[in-house]
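Going left to right, the sequence shown walks through residues 132 to 525 as my numbering numbers them. The beta-carbon is built from N, C-alpha and C at its ideal position, and this holds for glycine as well. Shown next, in structure tokens, is the structure this report addresses.
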Amino acid sequence: MVTAGGGPGWLAGALGACITAPHLLGPFVARRLDTARDGRTVIAAASLAHGTALAAAVLLYPHTHPAAPAALLALSGLFGPLLTGGISSRLPAIAGHGQRRQRRAQGWDVATYGISGTVGPTLVAALAAWASPATAALTLAAGCFIAAAVIRFLPHAPAPGKAADVPRPIRTLTGILASGPLRRTLYLTVTVAFSVAALPIAAVAGTSALGVSASAAGLLTAAYGLGNLAGSAGVMIRPSRAEADRLTTRLAAVVGATLLLTALAPSFPLALAAYAAAGIANAYFFAATLAARNEYAPDNARGQIFVWVGALKITAGSAGTATAGALISTSLLLPLFLAASLTLTATLLSSAERHRRRDPRPDLPPPEAPRGGTASEHMTRAPGPGRTGGRAST
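Right under this line is the structure:
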């Protein structure tokens, strides 16, 4: 919209950042997911607010100072984590209690991200060319209204407990850091998100070294996207039975190895294969992190944990794109080598940490110790929908 109207590039970038940057604040509004009697209402309301703010920003942009649509876009972005992490946190209610059923559903969840990441930009490009960028953006806003209605058809899941038993956002984060499996899931997710964000930048910059035209970068990114869809299909067809904590570490190592392959590919066909392999590995890794969030999160903070990890993942991806763009002028291969080394280092740290000591059963601390007992006496919990006979959360 900005560029079509003759606006400067910095304004286009700033308005785009207004949508993504507020995701970091998502965890501070996510507590409602764990305290509401019906979490579907919270997600549906967030979808309506997201679409309304987006539509208002689009309609006001040509007629007001850019600060007004910027504020509306920031408000729209604030509700984004409630839609992504919030819907993912509903998987146990959708899929049932069996580990295999849930992990197959997590494969579907990964596929929705890949499909929407492909269909969304394609729809915008087609509508912008056929009508206008404003029409494309308003169509996306309308999609939010449709989603709000569809969300009400998801299975109902009762609140995990009283609102007083649900930890505050900062306490939830400290609980994540105190739990070995959740802590490892968090820093592996953030590291991988930071690392794979270098792939589109490297694809554009590396075509000359591979002896192909710049337009071939689209084929590399398409190979990554198709690999991601293939990987999510693999999770659906044959979900892993491995312990989620170990699985995330192993798959993060595979992602790091595929990033190294993309940097070392000597020809364009091999680069295509490496990008596809990276997409497959990242899909399996993403599904494993969803399993870990679900199986290790305590019932009274599951929604918040999904949103915390998702918000930090999006922030890390933005930082990875910016870092790759800054480094690519120094060396075409430096961003990919850095991404691979960071990911492999994180997997070594995760493996060493887990083997150094066995973690106790992961629990978030309660909001406070009730009178008449100590905090340790009140840390027990009933098995949640993400746990099957204790095996999944061992």
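Check: So what's Ala-288 in DSSP terms, helix, strand or just coil?
Finding: Per DSSP, reduced to three states, the secondary structure at Ala-288 is coil, with no helix or strand assignment.
Check: Distance, Cα to Cα, Asn-431 vs Ile-225?
Finding: Each residue's alpha carbon lies about 18 Å from the other.
Check: Who are the Cβ neighbours of Phe-276 in its own chain at under 6 Å, not counting the five residues just before and after it?
Finding: Gly-182, listed in sequence order.
Margin query: Below 8 Å on the Cβ atoms is my contact criterion, and I expect Ser-326 with Leu-390 to pass it. Report the Cβ-Cβ distance as a whole number of Å.
Written below: Sure, about 6 Å apart at Cβ, within 8 Å.
Notebook entry, point to check: If Ala-180 and Phe-210 are in contact, beta carbons under 8 Å, what's the gap, nearest whole angstrom?
Noted result: Beta-carbon to beta-carbon, Ala-180 and Phe-210 are separated by about 5 Å, close enough to satisfy the 8 Å threshold.
Notebook entry, point to check: Using the beta-carbon count (16 or more within 10 Å), is Trp-439 buried or exposed?
Noted result: By the 10 Å Cβ count, Trp-439 comes out buried.
Notebook entry, point to check: For Arg-283, which three-state DSSP category applies?
Noted result: Under the three-state reduction of DSSP output, Arg-283 falls in the coil class, being neither helix nor strand.
Note to self: In the DSSP assignment, the alpha helix (DSSP H) including Ala-145 goes from what residue to what residue?
What the structure shows: 140-151 is the extent of the alpha helix (DSSP H) around Ala-145.
Notebook entry, point to check: How is the alpha helix (DSSP H) around Gly-434 delimited, first residue to last?
Noted result: That run of the alpha helix (DSSP H) goes 433-458.
Notebook entry, point to check: What first and last residue would you give for the alpha helix (DSSP H) that runs through Ala-534?
Noted result: For residue 534 there is no data in the structure shown, the boundaries of the chain being 132 and 525.
Notebook entry, point to check: What alpha helix (DSSP H) runs, 4 residues minimum, are completely inside the segment 163-223?
Noted result: Counting whole runs of 4 or more residues, the segment 163-223 contains the alpha helix (DSSP H) stretches 170-191, 198-209, 211-219.
Next item on the list: Mind checking which residues open and close the alpha helix (DSSP H) that includes Asp-240?
Entry: Run containing Asp-240: 230-261, per the alpha helix (DSSP H) assignment.
Note to self: Taking the alpha helix (DSSP H) that Thr-316 belongs to, which residues open and close that run?
What the structure shows: Unbroken alpha helix (DSSP H) run through Thr-316: 311-327.
Note to self: Quick check: what's the CA-CA separation for Phe-468 versus Ser-371?
What the structure shows: Spanning the two alpha carbons is a distance of roughly 29 Å.
Item checked: the segment 180-200 in contact with the segment 473-490 per 3-pair CB rule at 8 Å -> A contact is defined here as three or more CB-CB pairs under 8 Å, and the segment 180-200 fails this definition with respect to the segment 473-490.
Next item on the list: Spatial neighbours of Arg-283 within its chain, please: CB distance less than 7 Å, with the 5 preceding and 5 following residues excluded, ordered by chain position.
Entry: Sequence-distant Cβ neighbours of Arg-283 in its own chain, meaning closer than 7 Å and more than five residues away, are Arg-171, Ala-175.
Check: Between the C-alpha atoms of Val-133 and Gly-140, what's the straight-line distance to the nearest angstrom?
Finding: The alpha-carbon atoms of Val-133 and Gly-140 are separated by roughly 8 Å.
Notebook entry, point to check: Assuming Gly-274 contacts Gly-356 under a Cβ cut-off of 8 Å, what Cβ separation, rounded to an integer in Å, is found between them?
Noted result: The C-beta distance from Gly-274 to Gly-356 rounds to 20 Å, too long to fall under 8 Å, and the pair is not in contact.
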